[in-house]
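Asker:
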Amino acid sequence: MENHSDRWESIWADIQRIRAEAPLVHNITNYVVMNTTANALLALGASPVMAHAEEEVGEMAAIAQSLVINIGTLSAPWIAAMFQAGEAARRNGRPIVLDPVGAGATTFRTATARKLLAELSPAIVRGNASEIRALAFDERSTRGVDSAYESEDAAKAADRLSGQYRSVVATSGAVDLISFGGMTTRVFNGHSMMPKVTGMGCTASALIGAFAAVNPSARDAAVNAMAVMGIAGELAAEHSPGPGTFLVRFLDALYLLNESDIRERVKVRES
Amino acid sequence: MENHSDRWESIWADIQRIRAEAPLVHNITNYVVMNTTANALLALGASPVMAHAEEEVGEMAAIAQSLVINIGTLSAPWIAAMFQAGEAARRNGRPIVLDPVGAGATTFRTATARKLLAELSPAIVRGNASEIRALAFDERSTRGVDSAYESEDAAKAADRLSGQYRSVVATSGAVDLISFGGMTTRVFNGHSMMPKVTGMGCTASALIGAFAAVNPSARDAAVNAMAVMGIAGELAAEHSPGPGTFLVRFLDALYLLNESDIRERVKVRES
Amino acid sequence: MENHSDRWESIWADIQRIRAEAPLVHNITNYVVMNTTANALLALGASPVMAHAEEEVGEMAAIAQSLVINIGTLSAPWIAAMFQAGEAARRNGRPIVLDPVGAGATTFRTATARKLLAELSPAIVRGNASEIRALAFDERSTRGVDSAYESEDAAKAADRLSGQYRSVVATSGAVDLISFGGMTTRVFNGHSMMPKVTGMGCTASALIGAFAAVNPSARDAAVNAMAVMGIAGELAAEHSPGPGTFLVRFLDALYLLNESDIRERVKVRES
Numbered sequence: 001m002e003n004h005s006d007r008w009e010s011i012w013a014d015i016q017r018i019r020a021e022a023p024l025v026h027n028i029t030n031y032v033v034m035n036t037t038a039n040a041l042l043a044l045g046a047s048p049v050m051a052h053a054e055e056e057v058g059e060m061a062a063i064a065q066s067l068v069i070n071i072g073t074l075s076a077p078w079i080a081a082m083f084q085a086g087e088a089a090r091r092n093g094r095p096i097v098l099d100p101v102g103a104g105a106t107t108f109r110t111a112t113a114r115k116l117l118a119e120l121s122p123a124i125v126r127g128n129a130s131e132i133r134a135l136a137f138d139e140r141s142t143r144g145v146d147s148a149y150e151s152e153d154a155a156k157a158a159d160r161l162s163g164q165y166r167s168v169v170a171t172s173g174a175v176d177l178i179s180f181g182g183m184t185t186r187v188f189n190g191h192s193m194m195p196k197v198t199g200m201g202c203t204a205s206a207l208i209g210a211f212a213a214v215n216p217s218a219r220d221a222a223v224n225a226m227a228v229m230g231i232a233g234e235l236a237a238e239h240s241p242g243p244g245t246f247l248v249r250f251l252d253a254l255y256l257l258n259e260s261d262i263r264e265r266v267k268v269r270e271s
Numbered sequence: 272m273e274n275h276s277d278r279w280e281s282i283w284a285d286i287q288r289i290r291a292e293a294p295l296v297h298n299i300t301n302y303v304v305m306n307t308t309a310n311a312l313l314a315l316g317a318s319p320v321m322a323h324a325e326e327e328v329g330e331m332a333a334i335a336q337s338l339v340i341n342i343g344t345l346s347a348p349w350i351a352a353m354f355q356a357g358e359a360a361r362r363n364g365r366p367i368v369l370d371p372v373g374a375g376a377t378t379f380r381t382a383t384a385r386k387l388l389a390e391l392s393p394a395i396v397r398g399n400a401s402e403i404r405a406l407a408f409d410e411r412s413t414r415g416v417d418s419a420y421e422s423e424d425a426a427k428a429a430d431r432l433s434g435q436y437r438s439v440v441a442t443s444g445a446v447d448l449i450s451f452g453g454m455t456t457r458v459f460n461g462h463s464m465m466p467k468v469t470g471m472g473c474t475a476s477a478l479i480g481a482f483a484a485v486n487p488s489a490r491d492a493a494v495n496a497m498a499v500m501g502i503a504g505e506l507a508a509e510h511s512p513g514p515g516t517f518l519v520r521f522l523d524a525l526y527l528l529n530e531s532d533i534r535e536r537v538k539v540r541e542s
Numbered sequence: 543m544e545n546h547s548d549r550w551e552s553i554w555a556d557i558q559r560i561r562a563e564a565p566l567v568h569n570i571t572n573y574v575v576m577n578t579t580a581n582a583l584l585a586l587g588a589s590p591v592m593a594h595a596e597e598e599v600g601e602m603a604a605i606a607q608s609l610v611i612n613i614g615t616l617s618a619p620w621i622a623a624m625f626q627a628g629e630a631a632r633r634n635g636r637p638i639v640l641d642p643v644g645a646g647a648t649t650f651r652t653a654t655a656r657k658l659l660a661e662l663s664p665a666i667v668r669g670n671a672s673e674i675r676a677l678a679f680d681e682r683s684t685r686g687v688d689s690a691y692e693s694e695d696a697a698k699a700a701d702r703l704s705g706q707y708r709s710v711v712a713t714s715g716a717v718d719l720i721s722f723g724g725m726t727t728r729v730f731n732g733h734s735m736m737p738k739v740t741g742m743g744c745t746a747s748a749l750i751g752a753f754a755a756v757n758p759s760a761r762d763a764a765v766n767a768m769a770v771m772g773i774a775g776e777l778a779a780e781h782s783p784g785p786g787t788f789l790v791r792f793l794d795a796l797y798l799l800n801e802s803d804i805r806e807r808v809k810v811r812e813s
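First to last, the sequence lines map onto chains A, B and C. Under my numbering, think of the first position of the first sequence as 1, with each following residue one higher. Under my numbering, think of the first position of the second sequence as 272, with each following residue one higher. Under my numbering, think of the first position of the third sequence as 543, with each following residue one higher.
(1) Indicate the three-state DSSP secondary structure (helix, strand or coil) for Met226 of chain A in the structure shown.
(2) Using alpha carbons as the reference points, say which of B:Thr456, B:Met497, B:Ala376 and B:Met464 lies closest to Glu410 of chain B.
(3) Does DSSP put Pro48 of chain A in a helix, a strand or coil?
(4) Report yes or no: is there a C-beta of chain B within less than 8 Å of the C-beta of Arg672 of chain C?
(5) What residues are listed by DSSP as bridge partners for Arg397 of chain B?
(6) Using the three-state DSSP reduction, which class does Ala148 of chain A fall into: helix, strand or coil?
(7) Determine which residues of the segment 514 to 538 of chain B have a Cβ less than 9 Å from any Cβ of chain F, and write them out in chain order.
(8) Return no unless some Cβ of chain B is closer than 8 Å to the Cβ of Asn27 of chain A.
(9) Using beta-carbon positions only, say whether Gly515 of chain B and Asp548 of chain C come within less than 8 Å of one another.
(10) How long is the line joining the alpha carbons of Asp99 of chain A and Cys202 of chain A, rounded to whole angstroms?
(11) According to a CB-to-CB cut-off of less than 7 Å, which residues of the segment 677 to 705 of chain C neighbour chain A?
(12) With a 10 Å radius around its C-beta and 16 neighbouring C-beta atoms as the bar for buried, classify Phe137 of chain A as buried or exposed.
(13) Going by the beta-carbon positions, is the gap between Gly398 of chain B and Thr442 of chain B smaller than 8 Å?
(14) Put Leu345 of chain B into one of helix, strand or coil per three-state DSSP.
(15) Can you grab the Cα-Cα spacing for the pair Arg17 of chain A / Asn39 of chain A, in whole Å?
(16) Counting only Cβ pairs nearer than 8 Å, list the residues of chain B close to Thr36 of chain A.
(17) By the 7 Å beta-carbon criterion, what residues does the segment 225 to 244 of chain A contribute toward chain C?
(18) I'd like to know if Val68 of chain A contacts chain B, where contact means its C-beta is closer than 8 Å to some C-beta of that chain.
(19) Using a Cβ-Cβ cut-off of 8 Å, state whether Leu41 of chain A counts as contacting chain B.
(20) Rounded to a whole number of angstroms, what is the C-alpha to C-alpha distance between Gly102 of chain A and Val187 of chain A?
(21) Using three-state DSSP, classify Ser240 of chain A as helix, strand or coil.
(22) Can you pull the chain A residues whose beta carbon is under 8 Å from the beta carbon of Val729 of chain C, in chain order?
(23) Against chain B, does Ser75 of chain A count as a neighbour if the rule is that its beta carbon must be under 8 Å from one of theirs?
(24) Between A:Arg133, A:Met200, A:Gly173 and A:Pro95, which lies nearest to Arg219 of chain A when the distance is taken from Cα to Cα?
(25) If you check the beta carbons only, do Ala606 of chain C and Leu566 of chain C fall under 8 Å apart?
(26) Can you say whether Ser649 of chain C is buried or exposed, counting buried as having 16 or more other CB atoms within 10 angstroms of its CB?
(27) Using 8 Å as the limit for Cβ to Cβ distance, is His462 of chain B near chain A?
(28) Give the single residue among B:Ser401, B:Leu406, B:Ala496 and B:Ala291 whose Cα lies nearest to the Cα of Lys386 of chain B.
(29) Alpha carbon to alpha carbon, how far is Ser281 of chain B from Glu292 of chain B? Give it in angstroms, no decimals.
(30) Does the CB of Val32 of chain A have a neighbour CB from chain B at under 8 Å?
(31) Is the segment 314 to 334 of chain B touching the segment 33 to 47 of chain A, taking contact as three or more C-beta pairs under 8 Å?
(32) Of all Cβ atoms in chain A, is any one closer than 8 Å to the Cβ of Lys657 of chain C?
(33) If you count every other CB in all the chains shown that lies within 10 Å of the CB of Arg362 of chain B, and 16 or more means buried, which is it?
(34) Hey, could you find the ends of the alpha helix (DSSP H) Ser476 of chain B is sitting in?
(35) Any C-beta of chain B sitting closer than 8 Å to the C-beta of Phe180 of chain A?
(36) Taking the alpha carbon of Ser734 of chain C as the reference point, which residue from C:Ile611, C:Phe788, C:Asn577 and C:Ile557 has its own alpha carbon closest?
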């Protein structure tokens with residue numbers, strides 16, 4: 001595994017820019033994780049806003065620097081708002097991040113995620129291996145919103161999905177895969193306690209929204225955000241007996257991240 | 272008070288099975304507690320999923336091992352989804368847990384809880400004393416979602432409700448009563464800080480969903496889940512100055528529970 | 543800065559009454575903060591209830607001691623419920639607190655907040671400087687739900703808004719301004735970590751609801767609640783490395799607040 005010096009410098013530059021500019025990240029996300037993702041964005045230095053009414057999402061997406069769409073607790077009125085917000089973000093040249101939570105578990109989620117992909121061309125899609133396989137290969141999942149696969153098992157699915165929609169695809173797991181243009185970057189940071197906290201995947205998607213707001217390369221934004229998730233997870237796990245303490249320390253770690261944390265810990269194998 | 276050796280063995284067997292199988296627990300629950308209950312289910316070892324759209328609840332309930340319906344922040348579209356999900360769970364032979372949050376506080380909640388009881392025949396109903404009395408005796412409550420009574424004050428109401436709908440009725444409080452077939456089991460585990468954290472009752476209902484997914488006896492599932500709630504509460508309270516720390520340690524305790532915690536602490540008086 | 547002895551006595555009397563009476567505070571609030579505000583109200587000693595269905599909000603508002611309306615994740619059905627609940631609260635003589643989250647960020651929020659102000663005459667409005675300026679002067683905001691101004695920058699706007707709707711206006715920031723009848727009281731308690739946690743403003747509004755339930759003076763209720771927010775924030779920040787720990791300790795601090803904390807820490811400059 002290589003530890004490219006330009007990678008930690010890119011991550012650290014993004015963090016400094018997020019802290020300095022506090023980009024407004026518009027989230028249309030699920031009820032379960034709204035609080036956690038808002039707190040994670042604030043701890044990192046970004047400014048989160050949640051808005052889902054058709055009457056306002058276009059206006060909100062227009063003043064935001066990026067848009068994160070998460071289908072975790074989907075319903076018809078929210079889908080309409082996702083398309084409206086997505087179109088406003090596109091008109092204003094703002095990057096869109098799509099989190100297809102539970103794709104493969106129900107037809108409704110799979111079909112909605114596909115339609116969002118086709119019509120909004122999100123810059124970045126982040127999901128677990130089951131979700132990425134479901135979208136690429138029409139696989140059904142019986143694990144709800146948890147993955148039945150390792151991320152490597154979705155490497156081909158990620159390549160295919162990326163090619164089909166011209167999106168960067170981030171497949172998260174013990175190793176995170178960031179796939180684009182036939183190339184795959186791997187992020188080895190992270191900790192086994194992360195799947196024991198709800199919404200860590202959704203939080204990764206939200207943080208990608210913050211990085212995409214300051215980094216014009218969607219691929220770099222995804223790699224940098226996943227590395228920061230993993231590093232904060234490692235720091236949080238150090239003295240955490242269980243997932244309750246872990247989440248508290250994860251938010252602290254995002255807030256406290258410094259240059260040497262990034263430089264010494266980042267484990268990315270560039271494609 | 273007796274401390275039956277078969278009780279702790281039953282609890283420990285259920286926990287081991289939940290950790291090994293990670294049963295999918297489908298929750299249609301309220302906005303306030305979604306995050307907490309999802310984290311509690313994950314900490315215990317189960318796999319939570321939240322889904323409420325009519326377009327998908329039938330499919331989700333069909334792949335889940337149990338269904339938890341909680342009326343804490345009710346609205347008409349969610350009620351329709353509760354019935355759809357409940358019917359799918361019944362068709363697939365999955366146990367249903369009903370949490371009638373705030374029954375007695377408004378006509379809407381009381382009437383909805385009654386209709387869910389009558390049409391879905393949930394295996395287990397868990398509520399506080401005010402809620403159980405409201406459903407059994409048509410009492411009005413003016414305490415919102417908090418109880419105006421001790422659980423013993425609802426013992427007769429619980430018997431009646433259990434007989435009427437053939438459901439196990441768990442009435443939670445300082446002592447938890449699990450009523451079925453004219454018999455009452457009492458769980459003496461717990462801590463006075465638990466009512467100072469929002470959603471501890473809802474979390475009990477969610478954990479019952481996990482136990483019911485692995486234990487074919489609805490009564491045992493309810494008793495075991497209430498004992499585990501109480502034991503985790505006792506462990507969490509040990510070094511908690513207030514409810515903020517308590518909730519963090521409660522999630523840690525669920526994650527860390529081991530055989531001796533259960534064996535040494537369980538305080539159940541069998542009926 | 544003066545530290546009036548009657549101020550800490552008023553605060554402490556309110557806290558004791560909240561703990562003794564556990565007033566029912568009905569919240570129609572946003573998805574992001576529901577859990578945090580419910581936990582803060584419980585930690586303080588109040589009894590929170592969240593209900594938003596048109597079928598029940600009138601009944602719930604009628605049994606509650608106060609109503610808190612927060613437009614943080616607005617949609618049309620919720621607006622209808624806000625008006626229904628507000629009218630029931632007015633009919634029953636219960637104080638209403640309005641939190642105009644994100645007013646100025648979208649036309650939908652600004653217009654809804656104005657209509658709630660005009661039709662419900664809330665006893666107290668609490669917002670940040672951008673929100674108060676948006677409502678008083680029609681200013682647009684591009685910072686989402688965060689403020690682009692210091693609270694002092696909204697002093698004139700707060701006076702104007704207060705005069706127009708005969709409401710107490712609490713403008714929160716590093717210094718909190720409580721404006722009514724051309725007079726302004728300033729609360730200097732608080733800590734710079736508070737804006738790094740989502741929903742601290744919403745929590746202030748919820749706590750104002752608890753204080754307004756026991757204190758007949760809307761102005762005193764607002765001043766006392768803002769002082770308690772600030773004092774709990776100072777206590778929480780003492781050993782908090784970051785916002786994760788801070789929120790946990792903030793809830794502990796609300797639960798543990800004692801007479802000497804209030805007497806020694808309160809920093810209020812009376813108007």
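Ideal Cβ positions, reconstructed from N, Cα and C, are used throughout, including at glycine.
Answerer: Answer, in terms of the structure:
(1) helix
(2) B:Ala376
(3) strand
(4) Note on identity: in this sequence residue 672 of chain C is Ser, with Arg being the wrong assignment. Answer no: the Cβ-Cβ gap between Ser672 of chain C and chain B never drops below 8 Å.
(5) B:Ala441
(6) coil
(7) This model lacks chain F altogether, as its protein chains are A, B and C.
(8) no
(9) no
(10) 7 Å
(11) Thr684, Arg685, Gly686, Val687 and Asp688
(12) exposed
(13) yes
(14) coil
(15) 18 Å
(16) Asn306
(17) none
(18) no
(19) no
(20) 23 Å
(21) coil
(22) Residues of chain A passing the Cβ test: none, with the nearest at roughly 23 Å.
(23) yes
(24) A:Pro95
(25) yes
(26) Strictly speaking, residue 649 of chain C in this sequence is Thr, with Ser absent from that position. So Thr649 of chain C counts as exposed.
(27) no
(28) B:Leu406
(29) 16 Å
(30) yes
(31) no
(32) no
(33) exposed
(34) Met471 to Val485
(35) no
(36) C:Phe788
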